[in-house]
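Residue numbers (the working numbering), protein chains in the order written: chain A, 89 to 470; chain B, 3 to 346; chain C, 165 to 522.
The C-beta atom is built at its ideal place from N, Cα and C for all residues, glycine as well.
Notes follow the structure.
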């Protein structure tokens, strides 16, 4: 009898410790002084504030049960580590960031919005960055051009001596060993892997903390969130749900965004019925022309994103693939295109989802926004 | 019986171009004639220009200068098609024909005579069957070329050239790599074709033996002496064969029609034998052991050993002590060559 | 001629014609069956009687089905049929002319030339070609780019072919051209946008759906022309089995035939690649499949068999591509090696047993 109770106690103790054994590079001690930041939508990161430091964790976007990286965020005055518990493991980052290398144009735009523009010291993939200020700064030398994001100029990075690199995890998977030897904190920006527009937007809080603009960040978040939800409420109150498809056929495959992708969610929240919403994936799937035609030939609206020196026309679409002209959206000229060569779609929309939503609502339910002119999607020319 | 001339050359130069402008002349001022119904063997050392000559005659290589006429007309005036019906070749080139049946391979020879797809009519099939029979491989006509022995493959190539129905056939070493049976069969075959079908067959060969037996004419080609043409026996008997290979240690045995190496003789011995055959082979063995042989009339028999071959089982050596001072007997007897050669 | 002689002759003739026509008949029936299957089977499930209705010109409940069958599946099946034949025949001609069992349409660099043309249009020119007021864009620009690219490489190859007598040299030139164009393509990709690279890669996966009903007549005519010329090359190809010296002696003008052959292969490959992207393995493997099947190198039978085999295999590949049904499709160049690679490996391992290798 005694032995059995002992075994049960041991089993319970083991069970209690199992969760903390799973995954992760860092063990977080749940000290009573830790104040977890409440996140409404985002799942890929978490922030816990302690007296002398803040712990930020970023989840692995490909296996969300695992932690990708833990950051120990220290204010300048807390630089002395005397108060840090020895068991905390993570990358030390001194805040606020003053000299960063930003790999993605999305974050350049965001940092500028936060008012921390001067913290950008270097950028990659300059040809994708639409912000005129960045182009100007690179010209006069205040921001360095570091080349290709997948293969940047390491020497220039070393020369800059930045206090952090902002990289997307997929770019990081090919990262140079030299860069990792530099001991510069690499901030894993897994925001693009969030599954909803507002979740992605919520990362602004993380960046706000990093750049010492927490208040501004929170302010922007609340403002945009409210605007977004207002728009959404307005759209959801309409009675009709126009049907919509997106994308074009590329060689044998027509890549269709899944029902749970950002676009899929946006279509729904703008008061439309996305024809492929029952493909419950967050990425894109290659479908045959037949399938798309079968399901979507009667769709009311059709959205195309492309990158060309000249805007697409109906004539061009038809010469691309003649059968496009059999779609209802083609016949009724309800195709909307976004030429990312000229609009800052990729740069702006992650942290301004309300603008994108507004565009869609204007297109689906024009009566709701009579004066508004769409920014990203415009009707295709003849 | 006077035969018709089918090919005649006057002062031709043969050779080839190196790079863009340089010309290498292999032979110049060659003149010769080829008659119908003859088998001619082209013999000479390696590098003498035999292949170049054959290629020039088959128009595969350009004539450098001079007049070459075929059936009375300049050869350059013939079109490709006409050449294909008049001059046929057999080479040692490797081919991709392993997957064809023998019949299909031979039927390729009919291409100059058939239409667009190479369709064979009854007459074509007859000619092919005849050729297969003539060369003796009709029993293999459905086998794959890859399944044939080398000799059979060569016969198939000859059959192919036969169905081309050319009055002149040129062969470049047709019996190289073949065993003696195949060699003889093929030479015989060529001889038969030449005489029975009245074709002109010119072949280059290193098989001197068979060439001398079966050729009507010989062409001796060497770098130093150019081209010498003539009836086989004339060229043999007037000593042209001797000087063909310009080497000091090779000689031509006019009696037996073979080349042999000169002996580095160290000792002499007198040889006598019951007949021509025994004498010949006795000398052969002794030469091989560096003994020069003399006739019994030549020298005084006292100073040298004497070898007397009465039959193939009876060989005697008199004065054997002249061979080796160890030997005490005055006469030794052996019953085969093996035992007697051990003494030497 | 005696009795045994003629009877033997008849025996042989019968054998020859049997060998050939049997396979041609079987393959032709197979192709018809596969063609029909390509109309019936697709990503979208359409009931058989509706298909019959559509083919006979009657209307069906869902008008989208009409377009799917007539506008998408029918052109796709025709494209696959002709592409397969064109590539297989090109491969056969190259293997014979260059005495190289591993030759295929890509070995001369014509495919890579086409890829370079497409890369320039997609990655460098941003998807459209403009000359003054005249501008072509989109898919059509890609087709033109591909065509020009292959024709330029073909021109180079023919130029060298008139200079060089040696076949191996020409193959090496083709391979060198391949390398150079590949490196230019890498360069273009490196400096290009993510979308450009993605589009280029997708194009490189090959597809049979790229020919619209408007472009179909041009496609059919140009490929049929090429195939017709190939048929007329049967006799010289048989002569080439003997090697160039024997072939010359049989009356074949080697340079002229080789140039004609290169032009024909060039056109067949250029048109195929322009509309369908670079398709791998069919040109290389199908001639071997045909040779193993009929057991002869005689082009009288081998050429038509290769042609039909190519069509059949292309139609089979097309079917495999749509297997996932509504959940997606498999790219073409992922399917062709599945059929092609085992054939090549089999041939290499069994070299000694296979007659046409010896």
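By the neighbour-count criterion, in which a residue is buried when 16 or more other Cβ atoms sit within 10 angstroms of its Cβ, residue 465 of chain A is buried.
Separation of residue 425 of chain A and residue 391 of chain A (C-alpha to C-alpha, rounded to the nearest whole angstrom) is 6 Å.
Of all residues in the stretch 246-259 of chain C, none has a C-beta nearer than 9 Å to a C-beta of chain A. Pairing residue 223 of chain B with residue 216 of chain B gives a Cβ-Cβ distance that is not under 7 Å. For a Cβ distance threshold of 7 Å, residue set 376, 377 and 378 of chain C lies close to residue 410 of chain A, ordered along the chain. Using a Cβ-Cβ cut-off of 7 Å, residue 326 of chain C does not count as an interface residue toward chain B, since no Cβ of chain B sits closer than that to its own.
Residue nearest to residue 483 of chain C within the set C:494, C:473 and C:317 is C:494 (criterion: CA-CA distance).
Listed in chain order, the positions of the stretch 351-362 of chain C with a beta carbon within less than 7 Å of a beta carbon of chain A are 357 and 359. Rounded to whole angstroms, the Cβ separation of residue 172 of chain B and residue 66 of chain B is 18 Å, and the two are not in contact under 8 Å. Bounds of the beta strand (DSSP E) holding residue 136 of chain A are 133-137. Contact between the stretch 409-420 of chain C and the stretch 122-140 of chain B is absent, with fewer than three C-beta pairs closer than 8 Å.
Scanning chain B for C-beta atoms nearer than 7 Å to the C-beta of residue 396 of chain C yields 118, reported in chain order. Among the CB atoms of chain A, none fall inside 7 Å of the CB of residue 340 of chain C.
Inclusion of residue 274 of chain B and residue 310 of chain B in the CB contact set at 7 Å is warranted, their separation being smaller than that value. Within the stretch 47-132 of chain B, the complete alpha helix (DSSP H) segments of 4 residues or longer fall at 52-59, 82-88 and 104-110, listed in chain order.
With fewer than 16 other beta carbons inside 10 angstroms of its own, residue 420 of chain A counts as exposed. Within chain C, the C-beta atoms nearer than 9 Å to that of residue 60 of chain B come from 409, 412 and 413, in chain order. Contact check between the stretch 181-189 of chain A and the stretch 298-306 of chain A: three or more CB pairs, one atom from each, fall below 8 Å, which counts as touching.
In the structure shown, residue 290 of chain B falls within a helical segment according to DSSP collapsed to helix, strand and coil.
In the displayed model, residue 244 of chain B falls within coil according to three-state DSSP, outside both helix and strand. Counting along the chain, the unbroken alpha helix (DSSP H) around residue 288 of chain A starts and ends at 285-289. Secondary structure at residue 281 of chain A: helix, using DSSP grouped into helix, strand and coil. Out of B:271, B:115, B:292 and B:149, the CA that lies nearest to the CA of residue 164 of chain B is found in B:115. When C:247, C:337, C:266 and C:234 are compared, the shortest CA-CA separation from residue 378 of chain C is found for C:234. Residue range 142-147 is occupied by the beta strand (DSSP E) that includes residue 144 of chain A.
Contact note: residue 381 of chain A reaches chain C through 208, 228, 231, 232, 235 and 236, using a C-beta cutoff of 9 Å and chain order.
From the beta-carbon of residue 403 of chain C, the residues of chain B found nearer than 9 Å are 110, 113 and 120.
Burial of residue 111 of chain B is indicated by the presence of at least 16 other C-beta atoms within 10 angstroms of its C-beta. Restricting attention to C:277, C:402, C:325 and C:504, the CA atom closest to the CA of residue 444 of chain C is found in C:504.
Here the C-alpha atom of residue 304 of chain B lies approximately 32 Å from the C-alpha atom of residue 252 of chain B. Using a Cβ-Cβ cut-off of 7 Å, residue 106 of chain B counts as an interface residue toward chain C, since at least one Cβ of chain C sits closer than that to its own. Between residue 188 of chain A and residue 254 of chain A, the beta carbon gap of about 6 Å places them in contact (Cβ cut-off 8 Å). For residue 367 of chain C, the uninterrupted alpha helix (DSSP H) run begins and ends at 358-367, by DSSP.
In the three-state reduction of the DSSP assignment, residue 467 of chain C falls in the helix class, which pools H, G and I.
In the DSSP assignment, residue 211 of chain A falls within the unbroken beta strand (DSSP E) covering 208-211.
The C-beta of residue 299 of chain A comes no closer than 7 Å to any C-beta of chain C.
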